[in-house]
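J.: In my numbering, the protein residues as written are 102 to 252.
Glycine residues also receive a C-beta, built at the ideal position from the N, C-alpha and C atoms.
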């Protein structure tokens, strides 16, 4: 199973389209907010409301993908320490939590919970550049990679 995760596109829906076109057969497309678009404008991505989104009302989603139960939210107005993210996932009975907001790619496996931030596809805050995450699941094995947005 392949899950594509983006965040913080800030109106650059053309980038989301290019990511989709690169991986047209992924099983899931998730966006962790701040798209600044209506949900239907960025389909097939499932998205959530970020602090810059005024066209989306959904603050979080729980997505079941095989054995993964994913808590998807933006991350504004929340503590984003590993412990705080872990607790939020556990309280929601999820084994993965995906957030945006920081514009910095990150992956940790912390006390049984996968914690993923894909970075930003448009406005990076690190030298990693504009990134998104590719989550590959094979049975119980979860692999998270970050890929740079192609020009």
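(1) Nearest-angstrom Cα distance between residue 231 and residue 192?
(2) With distances taken from CA atoms, which of 246, 113 and 104 is nearest residue 165?
(3) Could you check the C-alpha separation between residue 180 and residue 214 for me, to the nearest Å?
(4) Compute the minimum distance between the beta carbon of residue 156 and the heavy atoms of the ligand NAP, and state whether it is under 7 Å.
(5) Would you say residue 161 and residue 174 are within 8 Å of each other, going by their C-beta atoms?
(6) How is the beta strand (DSSP E) around residue 130 delimited, first residue to last?
T.: Put simply:
(1) 31 Å
(2) 104
(3) 16 Å
(4) Absent from the structure shown: the ligand NAP. Ligands present: none.
(5) yes
(6) 129-132
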